[in-house]
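A.B. asks: Those sequence lines, one after another, are chains A and B.
In terms of the numbering used here, the first sequence is numbered consecutively and its last residue is 112.
In terms of the numbering used here, the second sequence is numbered consecutively and its last residue is 1112.
Every residue gets a Cβ at the ideal spot worked out from N, C-alpha and C, and that includes glycine.
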Amino acid sequence: DVKVTQSSRYLVKRTGEKVFLECVQDMDHENMFWYRQDPGLGLRLIYFSYDVKMKEKGDIPEGYSVSREKKERFSLILESASTNQTSMYLCASSLKVPYEQYFGPGTRLTVT
Amino acid sequence: DQQVKQNSPSLSVQEGRISILNCDYTNSMFDYFLWYKKYPAEGPTFLISISSIKDKNEDGRFTVFLNKSAKHLSLHIVPSQPGDSAVYFCAAKRQGAQKLVFGQGTRLTINP
Chain A
1 DVKVTQSSRY LVKRTGEKVF LECVQDMDHE NMFWYRQDPG LGLRLIYFSY
51 DVKMKEKGDI PEGYSVSREK KERFSLILES ASTNQTSMYL CASSLKVPYE
101 QYFGPGTRLT VT
Chain B
1001 DQQVKQNSPS LSVQEGRISI LNCDYTNSMF DYFLWYKKYP AEGPTFLISI
1051 SSIKDKNEDG RFTVFLNKSA KHLSLHIVPS QPGDSAVYFC AAKRQGAQKL
1101 VFGQGTRLTI NP
């Protein structure tokens, strides 16, 4: 079974703090993705990576950056957290083919 | 620009009856479609998919129908069970791309 783990289930940070969200997958998947889920908006793609050290912006990259130094690990960084970044953050991974993505349990981030 | 739309935020169905979840899309370049199921405090799990060269795919109680001329996708669950109560997301992949575009989700409640 594919396993995608995320470093924290719940996180509370203050405005202006730098925040790191970590994601690890154990199935040697090439692709990794970061989404945020907000009520009524579904899952929106922040960034994705199709190989080590490669990254592409998703639909809402502003205020975020990512790092992929190893194939199994994909980090999401909030350089200076703001209250509008309070959300559920979901990491996913997939092979290039087929296209099914496997998700981690999510991190509920609250920025106060 | 919402390319994948789930116009019903919620749906309530009696146990044992058929649940039909709908999804519309606007991009004719989408060539692969997926349905995901999400329980609270968990990441989405892959349910079923369909390629644009097919119009139906079945897996146990779940059937996905694709009407390309109408740009419409539906998920049928027969018979509905209490454990099917969850949020369902449809997603689509553009030809040549690796990333998915998700709809807003529909909350399905199965009543005993």
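(1) Around the Cβ of Val12(A), are there at least 16 other Cβ atoms within 10 angstroms (buried) or fewer (exposed)?
(2) Enumerate in chain order the residues of its own chain whose CB-to-CB distance from Thr75(A) is below 8 Å, with the five nearest sequence positions on each side excluded.
(3) So the beta strand (DSSP E) Asn1027(B) belongs to, where does it begin and stop?
(4) Got a sec: which bits of the region 1023-1046 of chain B sit with their beta carbon under 9 Å from any beta carbon on chain A, in order along the chain?
(5) Taking 8 Å as the CB-CB limit, is Phe33(A) close to chain B?
(6) Is the Cβ of Lys71(A) closer than 8 Å to any Cβ of chain B?
(7) Assign Met1029(B) to one of two classes, buried (16 or more other C-beta atoms within 10 Å of its C-beta) or exposed (fewer than that).
(8) How many whole angstroms separate the CB atoms of Thr107(A) and Gln6(A), which I take to be in contact at a CB cut-off of 8 Å?
(9) Sort out for me which residues DSSP pairs Ile1020(B) with in a bridge.
(10) Pull up the CB-CB distance for Ala1086(B) and Val1101(B), whole angstroms please, since I reckon it's below 8 Å.
(11) Could you name the residues of the same chain whose beta carbon sits closer than 6 Å to that of Gly16(A), not counting the 5 residues immediately before and after it, in chain order?
(12) Between the region 1038-1048 of chain B and the region 1011-1022 of chain B, do three or more beta carbon pairs fall short of 8 Å?
(13) Mind pulling the chain B residues with CB within less than 8 Å of Tyr99(A)?
(14) Pull up the DSSP beta-bridge partners for Met88(A), would you.
(15) Gln1104(B) touches chain A at which residues, Cβ-Cβ below 7 Å?
(16) Looking at the unbroken beta strand (DSSP E) that takes in Ala1086(B), where does it start and where does it end?
(17) So which of Gly1083(B), Ser1012(B), Leu1047(B) and Val1004(B) has the shortest CA-CA distance to Leu1108(B)?
(18) Do you know offhand how far His1076(B)'s Cα is from Asp59(A)'s?
C.D. replies: Result, derived from the coordinates:
(1) exposed
(2) According to the sequence provided, residue 75(A) is Ser. The question's Thr does not apply to it. Only Phe20, Leu21, Glu22, Cys23, Val66, Ser67 and Arg68 meet the Cβ criterion.
(3) Note, Asn1027(B): premise wrong, no beta strand (DSSP E); not H, not E.
(4) Tyr1032, Leu1034, Tyr1036, Lys1038, Ala1041, Glu1042, Gly1043, Pro1044, Thr1045 and Phe1046
(5) yes
(6) No, its Cβ sits nowhere closer than 8 Å to a Cβ of chain B.
(7) exposed
(8) 5 Å
(9) His1076(B)
(10) Going by Cβ atoms, the distance from Ala1086(B) to Val1101(B) rounds to 20 Å, so no, they are not a contact pair.
(11) Ser80
(12) no
(13) Going along chain B in sequence order, the residues near Tyr99(A) (Cβ under 8 Å) are Tyr1032, Leu1034, Ser1049, Lys1093, Gln1098 and Leu1100.
(14) In the DSSP output, where bridge partners are listed per residue, Met88(A) has Gln37(A) and Arg108(A).
(15) Gly40, Leu41 and Gly42
(16) Ala1086 to Arg1094 is the span of the beta strand (DSSP E), which, as asked, contains Ala1086(B).
(17) Ser1012(B)
(18) 30 Å
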